[in-house]
Amino acid sequence: MKKIRKKGQFKIQEMAFVLLAVVLLFGLVFLFFARFQLGQVQDVATKTREERAITLVRAVASMPELRCSKSITRIGESSCLDLDKVVAFHENENIRMNYKKMWRSSFVSKIAVQEVYPPGETYWIYKEEVENERGYAGFIPLCSEDNCVIARLLVSVKTGNSE
Amino acid sequence: MNRINKKAQHEMMGFLVIVVLIVVIGLVFFGFSLRRSKNVDSHMMQTEDLLNAMLLYTSDCEINSDYLSVRELIQKCGNIPTKKCGDDSLVCEKLAETSENLLSATIGQGIGNIENAFIHGYFLEILYSNEQPTITIEKGELNGNYFSSLVPIPLGYEGEAEIKIRAFYSKES
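So the sequence lines, in the order shown, correspond to chains B and G.
Using this note's numbering, the letters of the first sequence correspond one by one to residues 450 to 612.
Using this note's numbering, the letters of the second sequence correspond one by one to residues 102 to 274.
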């Protein structure tokens with residue numbers, strides 16, 4: 450009789466350990482799944498912001514405040530930046546601050562125009578120091594009255610942890 | 102005998118559960134590894150942007166105290182190939198030289214160190230519908246996948262020109 454009871458206790462103990470192990474295993478799987486999902490959500494958010502940065506490069510290039518006038522390009526409507534307007538943004542902080550709200554609402558942290566061919570100045574359209582950001586650059590002509598150079602329009606957007 | 106059979110069935114069930122769990126976890130890892138793909142959209146747009154920017158670039162070819170853009174050089178080279186710039190070089194020569202220097206300074210920067218460059222080679226072609234010979238510029242390794250961009254340029258009565266760029270970005274063909 451004692452032997453049977455001991456065997457029963459042993460079986461219950463064994464079952465308890467097995468159940469504990471199963472719960473732990475499923476807990477680990479759930480943790481991994483949750484972490485994976487979180488990572489995916491962050492990836493999607495970063496990708497969306499990156500795509501927005503790419504769109505913003507085009508949007509910034511077509512802003513009347515920066516775009517060059519028809520008279521400069523000689524061929525009419527074209528996507529290029531006016532050097533004088535860019536310099537005005539770079540040198541006047543008040544102008545930059547007027548657009549702060551708009552850039553912040555689009556998660557933009559930096560916008561710069563960098564002369565690449567021939568290499569030259571870097572002009573800041575907007576600059577905000579953040580910890581995590583990701584940038585996108587597109588080539589664009591930067592034109593003055595009688596001369597166009599190749600510039601890189603850089604747009605950085607805040608990523609996940611910087612908010 | 103019956104008891105032994107039941108025990109064996111239990112063992113088999115346990116083994117099956119473990120196998121199923123391992124397969125599920127393995128599939129999750131496999132799916133995760135498949136999701137990591139390179140984002141090539143931004144580079145494709147950069148190539149397109151570069152071609153459009155290039156056409157507006159002002160070259161150092163001066164004709165009648167006016168500096169010509171690359172677009173104007175393409176048109177001059179197609180219409181009057183014997184035309185010379187202020188420094189006595191032919192417009193077609195100037196076009197090839199300007200295009201080569203420009204590409205080298207922009208997307209060609211990483212080509213000296215191929216392992217680290219996303220775009221490891223490029224090929225630019227300026228084609229004319231008339232008898233004017235094609236201008237080609239190439240650098241780096243021209244294999245693998247590529248982005249391609251093309252801009253047609255009207256030459257007036259002389260037909261049409263096309264400027265085409267291919268930027269190679271993946272060595273696996």
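By construction, the Cβ of each residue, glycine as well, lies at the ideal position given by its N, Cα and C atoms.
Remember, it's a predicted structure, so these values are computed and weren't measured experimentally.
* Asked: What residue from G:206, G:210, G:232, G:189 has the CA that sits closest to residue 599 (chain B)'s CA?
  -> G:206
* Asked: For residue 588 (chain B), which of helix, strand or coil comes out of DSSP?
  -> strand
* Asked: Secondary structure at residue 126 (chain G), three-state DSSP: helix, strand or coil?
  -> helix
* Among G:149, G:131, G:179, which residue has its Cα nearest to the Cα of residue 588 (chain B)? -> Of the candidates G:149, G:131, G:179, the one whose C-alpha sits nearest the C-alpha of residue 588 (chain B) is G:149.
* Inter-residue Cα distance where the pair is residue 274 (chain G) and residue 244 (chain G) -> Because the pLDDT of residue 274 (chain G) is 43, which lies under 50, any placement of that residue in the model is unreliable, and the number read from its coordinates should be weighed accordingly. Their Cα atoms are separated by approximately 7 Å.
* Identity of the residue in G:182, G:192, G:146 nearest residue 170 (chain G) by Cα -> G:192
* **CB of residue 425 (chain B) within 7 Å of CB of residue 564 (chain B), strictly** => Past the boundaries of the shown model lies residue 425 (chain B); chain B is included only from 450 to 612, so the question cannot be answered.
* Asked: Under 7 Å between the Cβ atoms of residue 506 (chain B) and residue 602 (chain B)?
  -> yes
* Asked: Quick one: is residue 258 (chain G) buried, meaning 16 or more other Cβ sit within 10 Å of its Cβ, or exposed?
  -> exposed
* **Rounded C-alpha distance that separates residue 126 (chain G) from residue 224 (chain G)** => 46 Å
* Please say whether residue 576 (chain B) and residue 559 (chain B) have beta carbons closer to each other than 7 Å? => yes
* Contacts of residue 566 (chain B) in chain G (Cβ-Cβ under 8 Å) -> Going along chain G in sequence order, the residues near residue 566 (chain B) (Cβ under 8 Å) are 158, 202, 203, 206, 207.
* Give the secondary structure of residue 218 (chain G) by DSSP, where H, G and I count as helix, E and B as strand, and everything else as coil. => Residue 218 (chain G) falls in the coil class under three-state DSSP.
* For residue 555 (chain B), which residues from the same chain have a beta carbon less than 7 Å from its beta carbon, with the 5 sequence-adjacent residues on both sides left out? -> Here residue 555 (chain B) has 501, 505 as same chain residues with Cβ atoms under 7 Å from its own Cβ, once five neighbours each way along the sequence are excluded.
* Kindly indicate the opening and closing residues of the alpha helix (DSSP H) around residue 540 (chain B). => 532-540
* **Three-state secondary structure (DSSP) of residue 270 (chain G)** => strand
* Asked: Hey, residue 562 (chain B) and residue 572 (chain B): beta-carbon distance below 7 Å or not?
  -> yes
* Got a sec? Which residues, its chain only, sit under 6 Å from residue 49 (chain G) by beta carbon, not counting five neighbours each side? -> Coverage of chain G is limited to positions 102 through 274, which leaves residue 49 (chain G) absent and any answer about it impossible.
* Would residue 238 (chain G) pass as a contact of residue 175 (chain G) if the rule is Cβ separation under 7 Å? -> no
* Are residue 597 (chain B) and residue 157 (chain G) close, meaning C-beta to C-beta below 7 Å? -> In this structure, residue 157 (chain G) lies closer than 7 Å to residue 597 (chain B) by Cβ.
* To do: Name the one or two DSSP bridge partners that residue 563 (chain B) has.
  => B:571, B:601
* Straight-line Cα distance separating residue 583 (chain B) from residue 285 (chain G) -> One cannot answer for residue 285 (chain G) here, as it falls past the ends of chain G, which runs 102 to 274.
* Asked: If residue 229 (chain G) sits next to residue 248 (chain G), beta carbons under 8 Å apart, how far is it from one beta carbon to the other, in whole angstroms?
  -> Contact doesn't hold; Cβ gap of about 23 Å is too wide.
* Would you give the residue range spanned by the beta strand (DSSP E) that residue 240 (chain G) belongs to? => 236-241
* Based on the DSSP secondary-structure assignment, which residues constitute the bridge partners of residue 170 (chain G)? -> G:159
* residue 275 (chain G): first and last residue of the uninterrupted alpha helix (DSSP H) it sits in -> The requested residue 275 (chain G) does not occur in the structure, where chain G is confined to residues 102 to 274.
* By the criterion of Cβ-Cβ separation under 8 Å, what are the contact partners of residue 596 (chain B) in chain G? -> 159, 168
* To do: Take residue 591 (chain B) as the anchor and find which of B:607, B:581, B:511 has the nearest alpha-carbon.
  => B:511
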